[in-house]
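Numbering-wise (the numbering used here), the sequence shown opens with residue 2 and increments by one. Reading through the C-alpha cells given below for one structure.
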Amino acid sequence: MKFKEGDKVEFIYMSKLKQGVVSEIKEGDFSANCRVKGEFTETLWYDENDLISSNKLLKVPRFVDDWISRCKQRDYDLACLLDYVITDMPGEMKRWLISSTDNQELLARAWLDGYEVEKEPLYYVKLIEKVFGYLNERNDGHLSLNDNVQDDIFKTQFTEKEIKAIDERYWQFAVLVRDLTAYVAFNDRRVSNMLYEIVPVELIVKEAEGVWNNARTNS
Numbered sequence: 002m003k004f005k006e007g008d009k010v011e012f013i014y015m016s017k018l019k020q021g022v023v024s025e026i027k028e029g030d031f032s033a034n035c036r037v038k039g040e041f042t043e044t045l046w047y048d049e050n051d052l053i054s055s056n057k058l059l060k061v062p063r064f065v066d067d068w069i070s071r072c073k074q075r076d077y078d079l080a081c082l083l084d085y086v087i088t089d090m091p092g093e094m095k096r097w098l099i100s101s102t103d104n105q106e107l108l109a110r111a112w113l114d115g116y117e118v119e120k121e122p123l124y125y126v127k128l129i130e131k132v133f134g135y136l137n138e139r140n141d142g143h144l145s146l147n148d149n150v151q152d153d154i155f156k157t158q159f160t161e162k163e164i165k166a167i168d169e170r171y172w173q174f175a176v177l178v179r180d181l182t183a184y185v186a187f188n189d190r191r192v193s194n195m196l197y198e199i200v201p202v203e204l205i206v207k208e209a210e211g212v213w214n215n216a217r218t219n220s
C-alpha cells in the first residue's frame, strides 16, 4: 500500500486540486481504496493510484489537539480558534499560542490542512538507586516501588504532566525512557514480586528526598 491512515494527500475533486487526510483504507485485489477527509462534508473514497502524497502532517502538542477538537465541537471558525481574548481558551493553550507567531501559523495550518499529535516524552521515576526503586502505578491507582517493566497491570512510564499530578517532588527523579533491558528475577515479574516486597511510596519518600538532598549538598 502506498498510504496509511493519517497520511496527508492531494486529489482532484470537482475539477479542483484538494487536500485531505486518509482516515480509512480497504485493500483490494490489485490496489487499495482510501477514505479521505477534507474540507468537504461527504465521505469520499479514492483508489490509491488517484491520490498524490502531500507534505507530512504537522505535529502539534496534545493540548493543541484538545483545543482544536473543542472548537470543532462548538462550530467555531478559524477566527475563534485563534482568538485567545474572547474565547474560553485554556491557559496552557493561550501561553503556547502567544509565545510565538510561528505557533499561531502552526495552529492555523493544523486547522486547515490536518495534523497529528506529537508523542510526549516518557519517563521512569527512579526514587531509589536500586533495581526495584522505580515508581509503579497499579491499574487501580495504587503506588509502589518495583522494577521498571511496564505491563497491563503496572504502569512505569509517565509523561511529565502525569508525574507532577502524582507529586510535584517526583519530577526531580524522572529518567527519560530509553531502550533498556530491565532485570526481572527469573524472567517473571510476578515471581520477583514474591521475592521483593512492594513498599508503598509513602513509606520511602523521605528516604528518596534524603538521597536527593545529600546529592545537592555534596555537589
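For every residue, glycine included, the Cβ atom is placed at its ideal position computed from N, Cα and C.
Does residue i pass the burial test, meaning 16 or more other C-beta atoms within 10 Å, or should it be called exposed?
i	result
Y184	Per-residue confidence for Y184 stands at a pLDDT of 35, beneath the threshold of 50, marking its modelled position as unreliable; no derived number is given.
I87	exposed
S145	buried
L177	exposed
W97	buried
E130	exposed
E138	buried
M195	With a pLDDT of 33 at M195, under the threshold of 50, the modelled position of this residue cannot be trusted, and the question is left open.
Could you name the residues of the same chain whose beta carbon sits closer than 7 Å to that of residue i, not counting the 5 residues immediately before and after it, in chain order?
i	result
L79	A109, W112
N149	Y125, Y135, T157, A183
C72	C81, L82
G7	V22, V23, L58, E117
Using C-beta distances below 6 Å, list every residue in its chain close to residue i, excluding the 5 sequence neighbours before and after it, in chain order.
i	result
E93	F64
A166	none
L45	V37
Check residue i in the structure and name its three-state DSSP category.
i	result
D152	coil
Y125	strand
D66	helix
R229	Residue 229 is absent from the model: the chain starts at 2 and stops at 220.
N137	strand
D103	helix
L82	helix
K165	helix
L45	strand
L59	strand
L144	strand
K95	helix
L113	helix
L177	strand
Give me the Cβ distance between residue i and residue j, rounded to the nearest whole Å; I'm assuming they're in contact under 8 Å.
i	j	result
Q105	L83	6 Å
E119	K60	4 Å
Y85	I99	6 Å
Output needed for residue i: all residues of its chain with C-beta closer than 8 Å, excluding positions within five of it in sequence on either side, in chain order.
i	result
D66	Y116, V118
Are three or more beta carbon pairs between the stretch 145 to 154 and the stretch 162 to 172 nearer than 8 Å?
-> no
When the Cβ atoms of the stretch 121 to 132 are set against those of the stretch 166 to 177, are three or more pairs found closer than 8 Å?
-> yes
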